[in-house]
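> Shown below is the structure under consideration.
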Amino acid sequence: MSSLSRDDVAKLAGLARIEMSEEELVNLSNEFTVILDAVARVQEVAGAGVEPTSHPLPLRNVFRADVVVPSLTPEEALSGAPAQEEQRFRVPQILGEE
Amino acid sequence: MIRNSASEMAAKLAAGETTSVALTQAHLDRITAVDTDVHAFLYVDTEGALAQAAAVDAKRAKGEKLSPLAGVPLALKDVMAQKGVPTTCGSKILEGWRPPYDSTVVANLKKNDVVILGKTNMDEFAMGSSTENSAYGPTHNPWDLTRIPGGSGGGSSAALAAFEAPLAIGTDTGGSIRQPAAVTGTVGVKPTYGGVSRFGLVAFSSSLDQAGPCARTVLDTALLHEVIAGHDPKDATSINAPVPQVVAAAKSGDVKGMKIGVVKELNGDGYQPGVRARFEESLDLLAKAGAEIVEVSAPNFEYALAAYYLIAPSECSSNLANL
Chain A
1 MSSLSRDDVA
11 KLAGLARIEM
21 SEEELVNLSN
31 EFTVILDAVA
41 RVQEVAGAGV
51 EPTSHPLPLR
61 NVFRADVVVP
71 SLTPEEALSG
81 APAQEEQRFR
91 VPQILGEE
Chain B
99 MIRNSASEMA
109 AKLAAGETTS
119 VALTQAHLDR
129 ITAVDTDVHA
139 FLYVDTEGAL
149 AQAAAVDAKR
159 AKGEKLSPLA
169 GVPLALKDVM
179 AQKGVPTTCG
189 SKILEGWRPP
199 YDSTVVANLK
209 KNDVVILGKT
219 NMDEFAMGSS
229 TENSAYGPTH
239 NPWDLTRIPG
249 GSGGGSSAAL
259 AAFEAPLAIG
269 TDTGGSIRQP
279 AAVTGTVGVK
289 PTYGGVSRFG
299 LVAFSSSLDQ
309 AGPCARTVLD
319 TALLHEVIAG
329 HDPKDATSIN
339 APVPQVVAAA
349 KSGDVKGMKI
359 GVVKELNGDG
369 YQPGVRARFE
379 ESLDLLAKAG
389 AEIVEVSAPN
399 FEYALAAYYL
409 IAPSECSSNL
419 ANL
């Protein structure tokens, strides 16, 4: 049975830039173990002989006709933006100058 | 009046015995009186609801042909986008967001003149089964305020049980409509996947999420289903076929000759004795009414929960990655 230690979680949290308390690290390592158990359970049956299914509907990919329909105005689309400029979302810079 | 079923309210409206404004105001008053204790609502849209109600009354006065639930109030789970109305999913992350568009469910409700009272509490992003995990505090079960109302749609189920609304919208990924209905003595249905559009529903797990109707009677649930269901080109998994006539079925109640499968693999441990007894009773009632009860086997059922614990977290990690 696989499991994830507290240290494994701490390493993952560091990579994901998420600060975690000692209690959270321990709780998450337990929760990851439950998920890994679920993986093991599903692997018992999900062999090569099992056909993959996502939903029971007889649906393939769906396309719509390429016609213009009314959509949001720029003002509506940007109504939730904390900052905007020239009809665009303004976001903090993450790369260096130039 | 607020203790009537939605279909009784609709009949009174049609007969001119009351108006939608009066009916809506009665529910708003009820919310003011009890919601400090129940906490079913995150946002009450007093102005919007009364305006919608006045518009329905005006249409009726002019003799326009109206939808069966026109003028009846409804509580909307806060996971559904409604134009101009705060939509938080029970999370501080989305606090203050007012969607610039209506979800298809909301558009269908408006088109049918169902009056939207406000947004109901839920576990954050619909992840939970008790409504204790809302960033805005828990909802309480109106039958006993020390108990949970179920979840994630505990706000919708509690609003129904507390007579704050006769109709509500829920969403169900792994039980979020059905389990709150069960623990509040109300009715909730997870429709067939693809039966109700998911456009404008903040996604949790796309291959499992499904919006559905909640009410206090089976007939009301059926009436609401026919309002919200149907094909939507904006949802790629929407079923392009006529909506089954569930209202006619609910009205006739005829189950003669109907074959009902009872899944053998669900016959295991973990049921409270009372729950088990009620389930057996309902099977007896159906059999007496002429239905044929047959045992069916779904051998992979025991793996369902494990599969859920893989599918749901994987899809929600992807769907909510941008937050």
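Taken in order, these protein sequences are the chains called A and B.
What the first sequence shows, in our numbering, is residues 1 to 98, in sequence order.
What the second sequence shows, in our numbering, is residues 99 to 421, in sequence order.
Just so it is clear, CB atoms sit at the ideal spot from N, CA and C, and this is done for glycine as well.
Since Val411/B meets chain A, which of its residues come closer than 8 Å, beta carbon to beta carbon?
Against the second sequence, residue 411/B aligns to sequence position 313. According to the sequence provided, residue 411/B is Pro. The question's Val does not apply to it. Ile35, listed in chain order.
> Should the region 316-328 of chain B be called in touch with the region 201-211 of chain B, which here means at least 3 C-beta pairs below 8 Å?
yes
> Kindly identify the DSSP beta-bridge partner or partners of Glu393/B.
If you number the second sequence from 1, residue 393/B lands on position 295. The partner list for Glu393/B (beta bridge, DSSP) reads Val360/B.
> Bridge partners for Tyr407/B per DSSP, in chain order?
For the purposes of this step, residue 407/B is taken as residue 309 along the second sequence, with counting starting at 1. Bridge partners of Tyr407/B: none, in fact.
> What did DSSP end up calling Gln43/A once you bin it into helix, strand or coil?
By one-based count along the first sequence, residue 43/A stands at place 43. In this structure, Gln43/A counts as helix in the three-state DSSP scheme.
> Whose Cβ in chain A lies nearer than 8 Å to the Cβ of Leu408/B?
Your numbering for residue 408/B matches position 310 in the second sequence. Taking a Cβ-Cβ threshold of 8 Å, the residues of chain A close to Leu408/B are Ile35, Ala38, Val39, Val42, in chain order.
> Beta-carbon within less than 7 Å of Val42/A's beta-carbon, same chain only, minus the 5 sequence neighbours each way: which residues are those?
One-based indexing of the first sequence puts residue 42/A at position 42. Within the same chain, Val42/A has no close Cβ partners at all.
> Which value, in whole angstroms, describes the spacing of the CA atoms of Pro58/A and His125/B?
Here residue 58/A corresponds to residue number 58 of the first sequence, with the count starting at 1. Here residue 125/B corresponds to residue number 27 of the second sequence, with the count starting at 1. About 43 Å.
> Grab the span of the beta strand (DSSP E) containing Gln123/B for me, first residue to last.
Position 25 of the second sequence, counted from the start, is the residue given in the question as residue 123/B. Here Gln123/B belongs to no beta strand (DSSP E); instead the alpha helix (DSSP H) covers 118-136.
> For a test of the three-state rule: what should DSSP assign to Asp211/B, helix, strand or coil?
Residue mapping note: residue 211/B aligns to position 113 of the second sequence, counting from 1. Reduced to three states, the DSSP call for Asp211/B is coil.
> Does Glu76/A come within less than 8 Å of chain B when only Cβ atoms are used?
Reading the first sequence from its first residue, position 76 is the one you call residue 76/A. Glu76/A counts as touching chain B.
> According to DSSP, is Asp8/A helix, strand or coil?
Stepping through the first sequence from its first residue, residue 8/A is reached at position 8. Correct three-state label for Asp8/A: helix.
> Is Gly55/B near Met220/B, with beta carbons less than 8 Å apart?
This structure cannot speak to residue 55/B, because chain B is shown only from 99 to 421.
> Return yes when the Cβ of Ala224/B is within less than 8 Å of the Cβ of Ser250/B, no when it is not.
Stepping through the second sequence from its first residue, residue 250/B is reached at position 152. Stepping through the second sequence from its first residue, residue 224/B is reached at position 126. The criterion of a C-beta distance shorter than 8 Å is satisfied by Ser250/B and Ala224/B.
> Inspect the beta-carbon positions of Leu172/B and Ala263/B and report whether they are closer than 8 Å.
By one-based count along the second sequence, residue 172/B stands at place 74. By one-based count along the second sequence, residue 263/B stands at place 165. Yes. Within cutoff.
> Does Leu72/A have its Cβ less than 8 Å from a Cβ in chain B?
The residue labelled residue 72/A in the question sits at position 72 within the first sequence. Yes, Leu72/A lies at the interface with chain B (some Cβ there is under 8 Å from its Cβ).
> If we ignore side chains and look at the alpha-carbon of each, how far apart do Gln277/B and Asp270/B end up?
Along the second sequence, one-based indexing puts residue 277/B at 179. Along the second sequence, one-based indexing puts residue 270/B at 172. Taking the straight line joining both Cα atoms gives about 9 Å.
> Alpha helix (DSSP H) containing Leu322/B: first to last residue?
Within the second sequence, numbered from 1, the residue matching residue 322/B stands at position 224. Segment 316-326, the alpha helix (DSSP H) holding Leu322/B.
> In the structure shown, what three-state DSSP assignment does Tyr234/B receive?
Numbered from its first residue, the second sequence carries residue 234/B at position 136. Tyr234/B falls in the coil class under three-state DSSP.
> Please tell me whether Ser118/B and Val213/B are closer than 8 Å, where the distance is taken between their beta carbons.
In the second sequence, residue 118/B corresponds to position 20, counting from 1. In the second sequence, residue 213/B corresponds to position 115, counting from 1. Closer than 8 Å, so yes.
> Taking Pro371/B as the query, report the chain A residues whose CB atoms sit under 8 Å from its CB, ordered along the chain.
Here the question's residue 371/B lines up with position 273 in the second sequence. Under the 8 Å cutoff, chain A gives no residues; its nearest Cβ is about 28 Å from Pro371/B.
> How about Gly47/A: is its C-beta nearer than 8 Å to some C-beta of chain B?
One-based indexing of the first sequence puts residue 47/A at position 47. Chain B contact via Cβ: absent.
> According to DSSP, simplified to helix, strand and coil, what is Pro75/A?
Translated into positions along the first sequence, residue 75/A becomes position 75. The sequence as given places Glu at residue 75/A; Pro does not occur at that position. Note: Glu75/A maps to helix in three-state DSSP.
> Would you mind reading off the limits of the beta strand (DSSP E) that contains Leu59/A?
In the first sequence, residue 59/A corresponds to position 59, counting from 1. Leu59/A -> no beta strand (DSSP E), and no H or E assigned at all.
> Assess contact between the region 359-369 of chain B and the region 395-409 of chain B, defined as three or more Cβ pairs (one per stretch) separated by less than 8 Å. Is contact present?
yes
> Give the residues from the region 48-69 of chain A that approach chain B closer than 8 Å (Cβ to any Cβ), ordered along the chain.
Ser54, His55, Pro56, Leu57, Leu59, Asn61, Val62, Arg64
> State yes or no: is the C-beta of Leu207/B nearer than 7 Å to some heavy atom of the ligand HEM?
Questions concerning the ligand HEM fall outside what the structure shown contains, since it holds no ligand whatsoever.
> Mind pulling the chain A residues with CB within less than 8 Å of Ser305/B?
Within the second sequence, the letter at position 207 stands for residue 305/B. Within 8 Å Cβ-Cβ: Ser54, His55.
> If I follow the unbroken beta strand (DSSP E) through Ala266/B, where does it start and stop?
Here residue 266/B refers to the residue found at position 168 when the second sequence is read from its first residue. In the DSSP annotation of this structure, the continuous segment of the beta strand (DSSP E) that includes Ala266/B starts and ends at 265-270.
> Nearest CA to the CA of Ala77/A: which residue from Ile267/B, Tyr141/B, Pro198/B?
One-based indexing of the first sequence puts residue 77/A at position 77. For the residues Ile267/B, Tyr141/B, Pro198/B, the minimum Cα distance to Ala77/A belongs to Pro198/B.
> Would you verify that the beta carbon of Gly96/A is, or is not, closer than 8 Å to some beta carbon of chain B?
Here residue 96/A refers to the residue found at position 96 of the first sequence. Closer than 8 Å: no.
> Which bits of chain B does Ser5/A rub up against, with CB to CB less than 7 Å?
For the purposes of this step, residue 5/A is taken as residue 5 along the first sequence, with counting starting at 1. In chain order: nothing, as chain B lies at least about 19 Å away.
> What's the gap between the Cα of Ser29/A and the Cα of Phe297/B?
Taking the first residue of the first sequence as 1, we reach residue 29/A at position 29. Taking the first residue of the second sequence as 1, we reach residue 297/B at position 199. Each residue's Cα considered, the two are about 35 Å apart.
> What residues in the region 122-150 of chain B have a beta carbon less than 9 Å from any beta carbon of chain A?
none
> Using only the alpha-carbon positions, how far apart do Gln343/B and Leu421/B sit?
Mapped onto the second sequence, residue 343/B falls at position 245. Mapped onto the second sequence, residue 421/B falls at position 323. Per the coordinates, the alpha-carbon of Gln343/B lies some 39 Å from the alpha-carbon of Leu421/B.
> DSSP puts Pro171/B in a beta bridge; with which residues?
Indexing the second sequence from 1 puts residue 171/B at position 73. Answer is Val213/B, bridged to Pro171/B.
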